[in-house]
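What follows is a set of notes on a single structure, which appears directly below.
In the numbering used here, the protein residues as written are 1217 to 1537.
Here's what the structure looks like:
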């Protein structure tokens, strides 16, 4: 089978929450990619995709052998859904660290259900940092689509807490992880980093807030002194139109919605979540479990397809060195 994987190992896709749309979008992604897309196998349960031919595999290296005929599966028992979802995460990390998988694509999970199973990480990103034995602070969430890459410097915080959470050290750390990842994983020789301000009009010279002058601008100056192409802070409301986007490779924003609103406006169904800073490759669809439409056959697989494709591209780039 033709494949964009130059690695001998295929990608692994996790189960996600078996009651969500994960199994459906994995099956649809396989149907789309099976002839000339990246080779991948699924940690899952054939009962969850009854309309798709499946082939149980015993070792990951067998995945390519069965790829043309059926979706290759390393089987999980989903009679205990949350336990199975956690097991899929654990097995995927082991497979990537051993080299039996070239990267992992995580299907959507319900954190509430994972916590009930005793899952002790805030989310999947932190889980993989722990599994790889690196500090959680060394990982960065980037959302990507064909037209835009964004990194929210703070993520799931109430707006009232964002200012206190921002620091020069935080900005420097996440910007350096982002710069290194764009070089290694995206092949950008000299990444251009653009920063939003926190306040309207980027503070308007201190009349609408001081964070730009006291925190963000000094961090940008320090990055420039370290030979990183960092610019800003720019007013967030004028940083995401087409002309502005042509001037940078990634926008680093101060809080969640500054990043998520523009990328979901540009590419609502196809955005990809990429974890930067890990020694393994990890991507995921930029959406949740969508329990409300699970089982109806109407889930859009674009984000899963793009996540698989991007993971393969990153893995290939790393393999080439």
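Ideal placement from N, C-alpha and C gives every residue a C-beta, glycine not left out.
Query, Result
"Three-state secondary structure (DSSP) of residue 1500", "strand"
"Assigned secondary structure, residue 1363 (DSSP; H/G/I helix, E/B strand, else coil)", "coil"
"Host alpha helix (DSSP H) of residue 1242 (start-end)", "1238 to 1249"
"Presumed contact (8 angstroms Cβ cut-off) between residue 1371 and residue 1472, rounded CB distance", "5 angstroms"
"Three-state secondary structure (DSSP) of residue 1297", "helix"
"Residue(s) in a DSSP beta bridge with residue 1283", "Paired residues: none, contrary to the question."
"Straight-line gap, residue 1225 to residue 1470 (C-alpha atoms, nearest Å)", "37 angstroms"
"C-alpha gap between residue 1319 and residue 1531, whole angstroms", "6 angstroms"
"Buried versus exposed call for residue 1401 [16 or more other C-beta atoms within 10 Å across all chains shown]", "buried"
"8 angstroms contact criterion, which residue 1255 and residue 1323 should meet: CB distance rounded", "Rounded, the Cβ-Cβ distance is 17 angstroms, inconsistent with contact."
"Inter-stretch contact at 8 angstroms, needing at least 3 Cβ pairs: the stretch 1301 to 1310 / the stretch 1277 to 1289", "no"
"Validate contact between the stretch 1426 to 1433 and the stretch 1411 to 1418 using beta carbons, cut 8 angstroms, 3 pairs", "yes"
"Bridge-paired residues (DSSP) for residue 1408", "1445"
"As assigned by DSSP and simplified to three states, the class of residue 1356", "strand"
"Backbone secondary structure at residue 1341 - three-state DSSP", "helix"
"Residue 1371, DSSP secondary structure in three states", "coil"
"DSSP three-state assignment for residue 1434, whether helix, strand or coil", "helix"
"Residue 1494 - DSSP class collapsed to helix/strand/coil", "coil"
"Residues that residue 1335 bridges to, as DSSP identifies them", "Per DSSP, none; premise fails for residue 1335."
"Reduced DSSP category for residue 1466 - H, G, I as helix; E, B as strand; rest coil", "strand"
"Which listed residue (1445, 1422, 1274 and 1331) has its alpha carbon closest to that of residue 1392", "1445"
"CA-to-CA distance, residue 1466 to residue 1364, given in whole angstroms", "7 angstroms"
"Contacting residues, own chain, Cβ-Cβ under 8 angstroms from residue 1218 (five flanking each side not counted)", "Residue placement at residue 1218 cannot be trusted, given a pLDDT of 34 that sits under 50; the coordinates are not used to answer."
"Own chain partners of residue 1341 with C-beta closer than 7 angstroms, once the 5 adjacent residues on each side are dropped", "1355, 1357 and 1491"
"Strand pairing of residue 1329, partner residues [DSSP]", "According to DSSP, which records beta bridges pairwise, residue 1329 is partnered with nothing at all."
"CB contact flag (residue 1478, residue 1450, <7 angstroms)", "no"
"Sequence-distant residues of its chain with Cβ nearer than 7 angstroms to residue 1233 (five each side left out)", "1297, 1301, 1324, 1325, 1326, 1329 and 1505"
"Residue 1397 versus residue 1468 - alpha carbon distance", "14 angstroms"
"Where the alpha helix (DSSP H) through residue 1393 begins and ends", "1384 to 1402"
"Unbroken alpha helix (DSSP H) run spanning residue 1526, endpoints", "1518 to 1536"
"Buried or exposed (CB count within 10 angstroms, at least 16 for buried), residue 1474", "buried"
"Alpha helix (DSSP H) segment containing residue 1476, residue limits", "1472 to 1482"
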